[in-house]
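Residue numbers (the numbering used here), protein chains in the order written: chain A, 3 to 365; chain B, 3 to 365.
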C-alpha cells in the first residue's frame, strides 16, 4: 500500500550539553579512541537496546568503521536512529535471516524484518563461492532494513579481487523527474573494484541530488542548497533547505538521468527481490521508526573469467590516466586517508557524543 | 597507449541539395517508407560498403529500427559514419566473432575488430540460456565497435521476461570531474525490465551531460548549451557549443556522481572485458574512422528466481505509482509511440536523405 504522505528519514543529531570546548568541528571538542574500544562500546549499545549478540557485533563494527573512515553521516550519528527504531518495534533485532540457494548464480535472502548487514553476512561466503565458480552471482535480499553507508557492503569483495555492485531502495522522499510527489528513496548505488597498487576503487552515491542529512545540516547552518536539490510543499523548486524539509521533497541528481537510475534501483532492489518499494510500507504504527523496510540487490563478478589478463592492473592503468588528466582524488580516497589516520591515532569522536554513547551503553 | 589528444566522434550530417520543400523538420521534406523497404536499403548499403551479408543484415536492421523509433541520432544519420569507417579499414566488416563459454554464467566474446551487434547476436542464445539456468549471466565483449544506440541491446531481453543492464565505453571526449583533459567516452548505460501491461521499461543514458551529436546540433542552430555541459580548450566551463567542439570537451552529467559512473563503465566495459579504454586506442592511421574500438559488458538476470512472485506485475505497480505521482512518460515511451506510428504509416525519412541512401546502395 503506497503511503499517502512523504516519509523522511529523521536523522537526529546528538544533543551536546558540553559546549565549553570547541575545535574546528562545530559539534564540540573531539577526542580519539581506539577502533576496538569504539566498536565494543557500540556493540554494547546494540545489545542493550534490543539486538542479539550477533547482530550487535555486525552493526557495531559497521557503525564504528564508518566513523573510522570519516563517513560522519553514517557513523555514530546514526546511533540514536538505531536505538529509536529498535525501541519502536519496527525492526527485529533478533531476526534470523533465511538464505535460499535459488539457482547456481542466484541467492535469495529473507532478512525477516531484520537489518540488512547481518543478513548479507549470512550469505556472503556462498555469494563469493558462486561468483568464483559461475563467473557472476547475485544476492537478492528482501524484508531488510538498511540504515548504514553502502560502501561497506561492496569494499570487502574488491579486497578479494572481485567486482561488486549494489542497489538499495529506501523511503519515499525524492520526486521522480516530471512528477509532483515524492516516490523514490534516495536509492544509492555502490560499486567496488580492485586495483593493483592501492585500495580498491569504491563509490557510494545517492541517486538523489543531495543526501537528506546534508539538507538538514544546511538548514541548521542557515545555508541555501544548490538549485535542483529539492522542491517545496507546492512542488516548486527551492534553494531553501527549510522549505524542502517542511513538506517539500528532494529531487534526483542529474535530472531525468538520475531519475531513471533511481527507478532502476526500485526495480532491482524491490521488485526483483520481493522487497517493498520505497513508497510501499507504512511505519505509522511504530513512532520512532527510522529505517526503511525494503530490499537490496548485490551483484558480484569474478573478473579473472574475462579476457582481460589482469583486471587489477588495468584498473591501475585507469587510475594513472585519471591522475595524469588532473583528477587527483579517486573514489574512496578520502575515506582511506581518514581510515589510516584513525587506525594510527584513534577514531575521532566528539567528547559529548562519547559521553552520550557511554550512557546508552551502560545507563 | 593513451592518446595525447582528445578524439571526438565526427558525426557528419548528410548534405541536402534539395531545400525546395520544407516541413516542420529543419532537414527538408519527409517521406514515409515501409520499415522492410528501409531495412533492405540499408542492408544493401552495408554490403556494398564492406560488410559480410550477415553483418549487413544485423546492422541494417539495427539502424532501420532506430529510425523507426525516432532515435534520429542513431538512425540513418549514422550511415555516412559507418561507410566512412568501413572505407578507412579501421573496422572489419567481415569479422567472425569468437564466443567463449568461460564459466557457467560468464561468456567472453572477441568481436575481432568487428561491430558489437553481430558479436552480441552470436552469443545471445547462450546468454539467455545461462541467465535462465543460473539466475544471472554476463557477456564480456572486447575488440568491438559500438556505433549505435544502446537500448536495442537490452530491449529484447525484457521482451522475454528478463532484466538486462549494459555498459559500453567509447572514445575520449569527456573530462573526469576534477580533471583537466578528456579521458572518458560518453559511456552510456542501458537498462531494460519487463512490465505486465505495456512495453518494457527501457532507458539508455550517456554518462556525459549531453550527447556529442546534440552539441553539434546546438552549434548549427546557434543555441547555447546548458551550464555544465562542457569546457573550452582551456578547460574553462562554457555554454558555447562551438567552444566545446573547437578543442574543448564534454563534462559528465551530475558532477562527481556521473563521473564515478563513467569510471565504472570504463572498468566494466574495458578493464573487465579486455577491451580498450576510451583513451586507449588510436585511429590516426585510419582517416575517416569514427567508431570506437573498445568493449561492452552485458548482465542479464532472470527475475523469476527472486522471491518476488511476479516481477512484471511489480514493475506495473511501480509504473502506476509513477503515473499517480505525476510522471506521465516512462522511459522508452516516446520511442514506442514513434514505433507504432512508423509501423502504421511507414518510417519517416527526409526525402533528400532517402535519395542519398539510394545512391549509396546502388551508385
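Don't be surprised by glycine CBs; every beta carbon is placed ideally from N, CA and C.
For chain A, is any of its Cβ atoms less than 9 Å away from the one on residue i?
i	result
residue 255 of chain B	yes
residue 126 of chain B	no
residue 123 of chain B	no
residue 181 of chain B	yes
residue 268 of chain B	yes
residue 79 of chain B	no
residue 148 of chain B	no
residue 135 of chain B	yes
residue 355 of chain B	no
residue 98 of chain B	no
residue 152 of chain B	no
residue 165 of chain B	yes
residue 234 of chain B	no
residue 307 of chain B	yes
residue 112 of chain B	yes
residue 275 of chain B	yes
Closer than 9 Å, CB to CB, is residue i near chain B or not?
i	result
residue 227 of chain A	no
residue 130 of chain A	no
residue 265 of chain A	yes
residue 218 of chain A	no
residue 177 of chain A	yes
residue 94 of chain A	no
residue 215 of chain A	no
residue 231 of chain A	no
residue 346 of chain A	no
Please report the residue range of the alpha helix (DSSP H) in which residue i lies.
i	result
residue 156 of chain B	153-161
residue 308 of chain A	Residue 308 of chain A -> no alpha helix (DSSP H), and no H or E assigned at all.
residue 183 of chain A	Neither: residue 183 of chain A is in no alpha helix (DSSP H) and is coded neither H nor E.
residue 2 of chain B	With chain B covering only 3 through 365, there is no way to say anything about residue 2 of chain B.
residue 1 of chain A	With chain A covering only 3 through 365, there is no way to say anything about residue 1 of chain A.
residue 214 of chain B	214-223
residue 77 of chain B	Counting along the chain, residue 77 of chain B falls outside any alpha helix (DSSP H), and DSSP gives it neither H nor E.
residue 30 of chain B	No alpha helix (DSSP H) contains residue 30 of chain B, which DSSP labels as neither H nor E.
Taking 9 Å as the threshold (C-beta atoms), are residue j and residue i in contact?
i	j	result
residue 170 of chain A	residue 196 of chain A	no
residue 54 of chain A	residue 95 of chain A	yes
residue 254 of chain A	residue 296 of chain A	no
residue 129 of chain B	residue 274 of chain B	no
residue 165 of chain B	residue 65 of chain B	no
residue 139 of chain B	residue 107 of chain B	yes
residue 32 of chain B	residue 363 of chain B	no
residue 62 of chain B	residue 85 of chain B	no
residue 239 of chain A	residue 229 of chain A	yes
residue 142 of chain B	residue 172 of chain B	no
residue 237 of chain B	residue 245 of chain B	no
residue 43 of chain A	residue 70 of chain A	no
residue 292 of chain A	residue 155 of chain A	no
residue 75 of chain A	residue 272 of chain A	no
residue 333 of chain B	residue 262 of chain A	yes
residue 264 of chain A	residue 187 of chain A	yes
residue 127 of chain B	residue 159 of chain B	no
residue 234 of chain B	residue 249 of chain B	yes
residue 280 of chain B	residue 294 of chain B	yes
residue 177 of chain A	residue 327 of chain B	yes
residue 348 of chain A	residue 80 of chain A	no
residue 276 of chain B	residue 135 of chain B	no
residue 304 of chain A	residue 77 of chain A	no
Which stretch, first to last residue, makes up the beta strand (DSSP E) that contains residue i?
i	result
residue 200 of chain B	200-207
residue 196 of chain B	191-197
residue 47 of chain B	Segment 37-50 is the alpha helix (DSSP H) holding residue 47 of chain B; no beta strand (DSSP E) there.
residue 167 of chain A	165-170
Does at least one heavy atom of the ligand MG sit under 8 Å from the Cβ of residue i?
i	result
residue 338 of chain B	Looking at this structure, you won't find the ligand MG or any other ligand, since it has none at all.
Check: For the segment 89-139 of chain B, which segments carrying the alpha helix (DSSP H) assignment without a break, of at least 4 residues, lie completely within its bounds, in sequence order?
Finding: 118-136
Notebook entry, point to check: Using 8 Å as the threshold, is the segment 301-314 of chain B in touch with the segment 171-185 of chain B, meaning 3 or more CB pairs across them?
Noted result: no
Notebook entry, point to check: Which parts of the segment 259-309 of chain B are runs of the alpha helix (DSSP H), unbroken and 4 residues or longer, counting only runs that do not cross its ends?
Noted result: none
Notebook entry, point to check: How do the segment 200-209 of chain B and the segment 332-346 of chain B stand: do at least 3 beta-carbon pairs fall below 8 Å, yes or no?
Noted result: yes
Check: Three or more beta-carbon pairs under 8 Å between the segment 84-100 of chain B and the segment 38-53 of chain B, yes or no?
Finding: yes
Notebook entry, point to check: On the three-pair Cβ rule with 8 Å, is the segment 215-224 of chain A touching the segment 282-290 of chain A?
Noted result: no
Notebook entry, point to check: Can at least three beta-carbon pairs, one atom from the segment 314-332 of chain A and one from the segment 117-134 of chain B, be found at a separation below 8 Å?
Noted result: no
Next item on the list: Could I get the ranges of all uninterrupted beta strand (DSSP E) runs contained in the segment 301-361 of chain B, with 3 residues as the minimum, in chain order?
Entry: 349-352
Margin query: Please list, in chain order, the residues of the segment 319-338 of chain A that have any C-beta partner in chain C closer than 8 Å.
Written below: Looking for chain C here will not work: the only protein chains present are A and B.
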